[in-house]
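Student: Using our numbering, the first residue of the sequence shown is number 3, and each one after it goes up by one. Just so you know, even glycine gets a beta-carbon here, dropped at the ideal spot from N, CA and C.
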Amino acid sequence: MISYFFTLDLSLFLQSTPSLVISLIGLLVTGRILEKVVDDLELKIYPILLQSNCILNFKGNIELLYALYLSSMRLNDYLNYKKYLRYAFDNGYLVLLQSITIGITIGIIGISKLVLSGIFDIKIFLNIFTTSLVTCTVSTLLFILFLYFTIEFSKYCDITPDNVVLPTISSISDYLSIRLLILFTKFFKKSSIFSMIFIISLCLCFVPICLFFIFVSKKRMPIQSVQILFFTYILSTLGGYFLDIFSSKYSFIASTFPVYSGLAVSIAFIYLHKIFTSINNNIEHDSEKTKATLLVTSFIMILFYILLSMYYEVRKGIMFYILLISFFLCQVGILLKLIEELAVFLQEYEGDIGIVSIPIITALGDVLSTLLLILVASLSTKKIDK
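1) Three or more beta-carbon pairs under 8 Å between the stretch 194 to 202 and the stretch 142 to 159, yes or no?
2) Grab me the residues of residue 86's own chain with a C-beta within less than 7 Å of its C-beta, minus the 5 sequence neighbours each way, in chain order.
3) Between which two residues does the alpha helix (DSSP H) holding residue 212 run?
4) What are the boundary residues of the alpha helix (DSSP H) that residue 111 is part of?
5) For residue 276, does the three-state DSSP call read helix, strand or coil?
6) Near residue 66, what residues of its chain come up, given a Cβ to Cβ distance below 6 Å and the 5 sequence neighbours on each side ignored?
7) Check residue 321 in the structure and name its three-state DSSP category.
8) Buried or exposed, going by whether 16 or more other CB atoms sit within 10 Å of the CB of residue 217?
9) Are residue 36 and residue 54 close, meaning C-beta to C-beta below 8 Å?
10) I think residue 297 touches residue 335, with their Cβ atoms under 8 Å apart; what is that distance to the nearest whole Å?
11) Write down the C-beta distance between residue 102 and residue 139 rounded to the nearest angstrom, noting that I regard them as a contact closer than 8 Å.
12) Would the beta-carbon of residue 25 fall within 8 Å of that of residue 268?
13) Please state if the CB of residue 52 and the CB of residue 111 are separated by a distance shorter than 8 Å.
14) What residue range is occupied by the uninterrupted alpha helix (DSSP H) comprising residue 122?
15) Just how far apart, CA to CA, sit residue 379 and residue 132?
16) With a 10 Å radius around its C-beta and 16 neighbouring C-beta atoms as the bar for buried, classify residue 17 as buried or exposed.
17) If you reduce the DSSP assignment to three classes, tell me which class residue 49 lands in.
18) So the candidates are 116, 239 and 31; which of them puts its Cα closest to the Cα of residue 175?
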């Protein structure tokens with residue numbers, strides 16, 4: 003690790019660290035919220051951890067893809083600003099339409115989980131469906147607005163969006179989504195069936211508006227293939243089920259998962275965006291230097307997280323922290339290597355690195371995080387039981 007300091011990209015380190023710290027704090031708060039959900043008897047029947055994992059994964063993919071293309075375009079000084087705004091506007095509707103579809107899908111997944119558990123209650127089913135749909139719709143609208151202002155701010159301050167936009171926007175979107183999910187679950191719990199059906203109808207009214215702007219758009223960003231969507235949805239759903247099951251046994255998993263997964267994926271996306279921008283704008287990129295910098299940054303971030311968590315959690319054994327750090331660095335290393343291999347493969351076959359890499363990295367990051375945290379719980383000398 004010490005040898006990496008001699009090959010650091012200081013500019014990348016200085017620009018990415020503040021945004022990753024913001025991400026870390028946001029993910030830390032998100033984790034605390036999820037941990038409280040596990041202990042909340044009022045919400046025990048609702049599959050919130052499963053819904054959370056699916057929302058952060060499914061919706062996060064399309065939002066990050068939008069952020070990737072938008073911030074990359076803003077870096078191009080030769081692009082007409084009006085064309086950029088038109089692209090942002092039209093594709094914002096595409097993202098919203100996809101998010102509404104995802105909300106419907108997650109609602110069905112959540113209901114299926116209860117059916118498999120032997121629970122049949124129409125009002126609870128409607129609550130899950132309405133909550134998923136409204137959370138995805140509202141959080142995406144807020145995300146689009148925040149993304150635009152974040153990119154403009156980074157452009158104004160002459161900060162490379164690669165190092166700021168993706169890590170920051172991802173964690174803020176995650177926090178908003180989880181907050182809204184819990185808020186709407188409690189709100190619709192007290193609502194009538196008629197009210198929930200009315201709210202669902204209102205959300206679906208956005209569909210024809212979105213379709214109109216999508217069809218008249220002259221330049222649409224690529225969308226993910228059915229094969230990739232199916233593969234990542236299966237991975238994320240399985241990861242969500244594991245998270246839901248093991249969080250009841252090891253309560254620290256619910257609070258640590260957003261940081262463990264979100265931070266690793268955010269760091270990986272900095273590397274992805276570097277490669278993406280390099281390919282699109284024909285800019286030279288020293289990949290080894292970037293990887294070395296990001297691995298050192300990863301070590302500092304996970305160490306910082308452990309120090310912060312010690313203030314509000316029961317301190318755990320030294321073996322627990324050693325495993326937590328080691329597995330986190332392994333996870334980041336695996337994700338960086340995967341991005342590198344995907345970039346080489348897709349360049350050879352003229353594929354789109356962003357559209358393929360984002361969903362795969364996000365889904366694998368979530369599943370890896372869940373499995374590694376279960377391993378930490380199993381291997382550490384002091385098991386953290388609920």
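Tutor: So, to answer that:
1) The stretch 194 to 202 is not in contact with the stretch 142 to 159.
2) For the purposes of this step, residue 86 is taken as residue 84 along the sequence shown, with counting starting at 1. In its chain, beyond the 5 residues on either side, 75 and 76 have a beta carbon closer than 7 Å to the beta carbon of residue 86.
3) The count along the sequence shown starts at 1 and reaches residue 212 at position 210. It spans 208 to 218 - the alpha helix (DSSP H) in which residue 212 sits, taken as one unbroken run.
4) Residue mapping note: residue 111 aligns to position 109 of the sequence shown, counting from 1. Residue range 83 to 118 is occupied by the alpha helix (DSSP H) that includes residue 111.
5) Counting from one through the sequence shown, the residue named residue 276 turns up at place 274. Helix, per DSSP.
6) Counting from 1 along the sequence shown, the entry for residue 66 is found at position 64. The answer, listed in chain order, is 360.
7) For the purposes of this step, residue 321 is identified with residue 319 of the sequence shown, where counting begins at 1. Three-state DSSP puts residue 321 in a helix.
8) For the purposes of this step, residue 217 is identified with residue 215 of the sequence shown, where counting begins at 1. Exposed is the call here.
9) Numbered from its first residue, the sequence shown carries residue 36 at position 34. Numbered from its first residue, the sequence shown carries residue 54 at position 52. Against a cut-off of 8 Å, the Cβ pair of residue 54 and residue 36 comes out as a contact.
10) Counted from its first residue, the sequence shown places residue 297 at position 295. Counted from its first residue, the sequence shown places residue 335 at position 333. So it is a contact: roughly 7 Å between Cβ atoms.
11) Along the sequence shown, read from residue 1 onward, the residue named residue 102 stands at position 100. Along the sequence shown, read from residue 1 onward, the residue named residue 139 stands at position 137. Sure, about 6 Å apart at Cβ, within 8 Å.
12) Start at 1 with the first residue of the sequence shown, and residue 25 comes out as number 23. Start at 1 with the first residue of the sequence shown, and residue 268 comes out as number 266. Residue 25 is a Cβ neighbour of residue 268, given a cutoff of 8 Å.
13) Here residue 111 refers to the residue found at position 109 when the sequence shown is read from its first residue. Here residue 52 refers to the residue found at position 50 when the sequence shown is read from its first residue. The answer is yes: Cβ separation under 8 Å.
14) Position 120 of the sequence shown, counted from the start, is the residue given in the question as residue 122. Here residue 122 belongs to no alpha helix (DSSP H), and DSSP marks it neither H nor E.
15) Within the sequence shown, numbered from 1, the residue matching residue 379 stands at position 377. Within the sequence shown, numbered from 1, the residue matching residue 132 stands at position 130. Near 35 Å, if we compare the C-alpha coordinates of residue 132 and residue 379.
16) Walking along the sequence shown from the start, residue 17 turns up at place 15. With 16 or more neighbouring CB atoms inside 10 Å of its own CB, residue 17 falls in the buried class.
17) By 1-based counting over the sequence shown, the position of residue 49 is 47. For residue 49, the secondary structure class from DSSP, reduced to helix, strand or coil, is coil.
18) Looking up residue 175 in the sequence shown gives position 173. Taking only the C-alpha atoms, the option nearest residue 175 is 31.
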